[in-house]
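Residue numbers (our numbering): 230 to 601.
Quick reminder that beta carbons are idealized off the backbone N, C-alpha and C, glycines included.
Model, not experiment: these values are computed from the prediction.
Comments concern the structure below.
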């Protein structure tokens, strides 16, 4: 029986809706997607997306947002609304979207699917960037000032929007544990570790915001002392990275038997940045090696990974701000991690160097131990 022209065709409504639809399995495999989403991604047939991992259509920042914000909230409350999630097209272009998502469960409460509805956010982001550029231009009195202000404001916008989201999920989880759960001794330990991680991460974000607002060219301020041991701080950093990248092996050797007169938060920040760089660019089937030791008069921290060597031309610019090198589109970031690590080294009167050979790439920080 043919349908009347004025009768809604629900199959056509799904396929050509003015938004993207995608359903994923509990292990994040695509089980269905509509024509609209396929067109956005420059994919000819929506069925070509079926069976792929959701991560295959997310850019690097989108993967982080999904794993650290969207997925935890779904597990806790079963639905999320208006979450920023950046996709990547088949041509490698980033596609900003706003996502609503809900879990589908069977009669026994078992998770069957997660349904996501996506709306393009390109115009919204363009509008936001326009406001940022207009403000920067109004404040600038010279070409150099305008360029510096624009970089600063763009960085603040991205940092405030994309980096704070994961902390909201962590804070929500801690809050639920505090309000609703009877915790064992182990649970209290885990809760304290989570709270400490959130506090340290938020402090680092605030430091970077302050840096972006006015200190990009003036060095990084530090607060040095030897009032507490450095070793537990670095062990916590390694533990955090292991939890973020559970499929990667990290061999850690930490032996600090002398007081280190330093800013422990900044040294931890350096270690975290170097480990993240090794996880991102190192060979996935080889371990990342982390070492922090003291000698008679030196403190040394190093991170090494296997993988392709860094070309000399790129090595010369690695520690410049906003330099990303020839990374794949899905791995693009702000290009500040190694720059910040280098500035922390300088602020401690030390140096951060890189050696890159076919066997491994190693970043090494050295500073003199002061007699206290």
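Under a three-way DSSP split, which group does residue 562 fall into? Numbered from its first residue, the chain shown carries residue 562 at position 333. Caution is warranted here: a pLDDT of 45 is assigned to residue 562, below 50, making its placement in the model unreliable, and the coordinate value is therefore given only provisionally. Residue 562 falls in the coil class under three-state DSSP.
Would you decide whether residue 597 is buried or exposed? Buried here means 16 or more other CB atoms lie within 10 Å of its CB. Counting from 1 along the chain shown, the entry for residue 597 is found at position 368. Per the 10 Å Cβ criterion, exposed.
Residue 496 to residue 416, Cα distance in whole Å? The residue labelled residue 496 in the question sits at position 267 within the chain shown. The residue labelled residue 416 in the question sits at position 187 within the chain shown. So the two alpha carbons sit approximately 28 Å from each other.
Helix, strand or coil for residue 314? Go by DSSP, reduced to three states. The sequence position of residue 314 within the chain shown is 85, counting from 1. Residue state, collapsed to three classes: strand.
Using the three-state DSSP reduction, which class does residue 475 fall into: helix, strand or coil? Locating residue 475 in the chain shown gives position 246, counting from the first residue. DSSP places residue 475 in coil when its eight states are reduced to three.
Taking the C-alpha atoms as reference points, what is the distance between residue 267 and residue 518? For the purposes of this step, residue 267 is taken as residue 38 along the chain shown, with counting starting at 1. For the purposes of this step, residue 518 is taken as residue 289 along the chain shown, with counting starting at 1. The alpha-carbon atoms of residue 267 and residue 518 are separated by roughly 41 Å.
As assigned by DSSP and simplified to three states, the class of residue 452: As a working mapping, residue 452 is identified with position 223 in the chain shown. Here residue 452 sits in coil by DSSP.
In angstroms, rounded to a whole number, what distance separates the CA positions of residue 288 and residue 315? What you label residue 288 is simply residue 59 of the chain shown in a count that begins at 1. What you label residue 315 is simply residue 86 of the chain shown in a count that begins at 1. For residue 288 and residue 315, the distance between alpha carbons rounds to 6 Å.
At the level of alpha carbons, what is the spacing between residue 672 and residue 586? Since the displayed the chain opens at 230 and closes at 601, residue 672 lies outside it and no answer follows.
Using the C-alpha atoms, what's the distance from residue 594 back to residue 260? Here residue 260 refers to the residue found at position 31 when the chain shown is read from its first residue. Here residue 594 refers to the residue found at position 365 when the chain shown is read from its first residue. Residue 260 and residue 594: Cα-Cα distance of roughly 47 Å.
DSSP three-state label for residue 492, please. Residue numbering aside, residue 492 sits at position 263 when the chain shown is read from its first letter. In this structure, residue 492 counts as coil in the three-state DSSP scheme.
Per-residue burial, residue 305 [other beta carbons within 10 Å of its own, 16 or more giving buried]: Position 76 of the chain shown, counted from the first residue, corresponds to residue 305. Looking at its Cβ environment, which holds fewer than 16 other Cβ atoms inside 10 Å, residue 305 is exposed.
With a threshold of 16 other CB atoms inside 10 Å of the CB of residue 249, please say whether the residue is buried or exposed. Sequence index remark: in the chain shown, residue 249 carries index 20 (1-based). Answer is buried; the Cβ neighbour count reaches 16.
Between the Cα of residue 460 and those of 488, 476, 414, spot the shortest distance and give me the residue it belongs to. By one-based count along the chain shown, residue 460 stands at place 231. For the residues 488, 476, 414, the minimum Cα distance to residue 460 belongs to 488.
Give me, in chain order, the residues of the same chain whose beta-carbon lies closer than 6 Å to that of residue 406; leave out the 5 immediate sequence neighbours on both sides. The residue labelled residue 406 in the question sits at position 177 within the chain shown. These residues qualify, in order along the chain: 420.
8 Å CB neighbourhood of residue 320 in its chain, flanking five on each side removed: Here residue 320 refers to the residue found at position 91 of the chain shown. Excluding residues within five positions, the ones whose Cβ falls inside 8 Å are 271.
Taking all protein chains shown into account, decide if residue 528 is buried (16 or more other Cβ within 10 angstroms of its Cβ) or exposed. By one-based count along the chain shown, residue 528 stands at place 299. Classification of residue 528: buried, given that the 10 Å Cβ count is 16 or more.
Flag this pair as yes or no: are the beta carbons of residue 476 and residue 523 separated by less than 8 Å? What you label residue 476 is simply residue 247 of the chain shown in a count that begins at 1. What you label residue 523 is simply residue 294 of the chain shown in a count that begins at 1. Against a cut-off of 8 Å, the Cβ pair of residue 523 and residue 476 comes out as no contact.
Taking only the alpha-carbon atoms, compute the straight-line gap between residue 334 and residue 325 and give it to the nearest angstrom. Looking up residue 334 in the chain shown gives position 105. Looking up residue 325 in the chain shown gives position 96. Between residue 334 and residue 325, the C-alpha separation is close to 28 Å.
Simplified DSSP assignment, three categories, for residue 597: Within the chain shown, residue 597 is the residue found at index 368, counting from 1. DSSP places residue 597 in strand when its eight states are reduced to three.
Might you give, ordered along the chain, the residues of its own chain that have their beta carbon closer than 8 Å to the beta carbon of residue 273, omitting 5 neighbours on each side? Mapped onto the chain shown, residue 273 falls at position 44. The residues are 267.
On the CB-based measure, 16 or more other CB atoms within 10 Å of its CB, does residue 256 come out buried or exposed? Here the question's residue 256 lines up with position 27 in the chain shown. Classification of residue 256: exposed, given that the 10 Å Cβ count is below 16.
Measuring CA to CA, which of 414, 399, 312, 340 is closest to residue 330? Residue numbering aside, residue 330 sits at position 101 when the chain shown is read from its first letter. The option with the nearest alpha carbon to residue 330 is 312.
Selection from 277, 244, 258, 498 that minimises the alpha carbon distance to residue 264: Walking along the chain shown from the start, residue 264 turns up at place 35. Residue 264 has its Cα closest to that of 244, out of 277, 244, 258, 498.
Note down the Cα distance separating residue 578 from residue 570, rounded to an integer number of angstroms. Stepping through the chain shown from its first residue, residue 578 is reached at position 349. Stepping through the chain shown from its first residue, residue 570 is reached at position 341. Approximately 13 Å between the Cα atoms of the pair.
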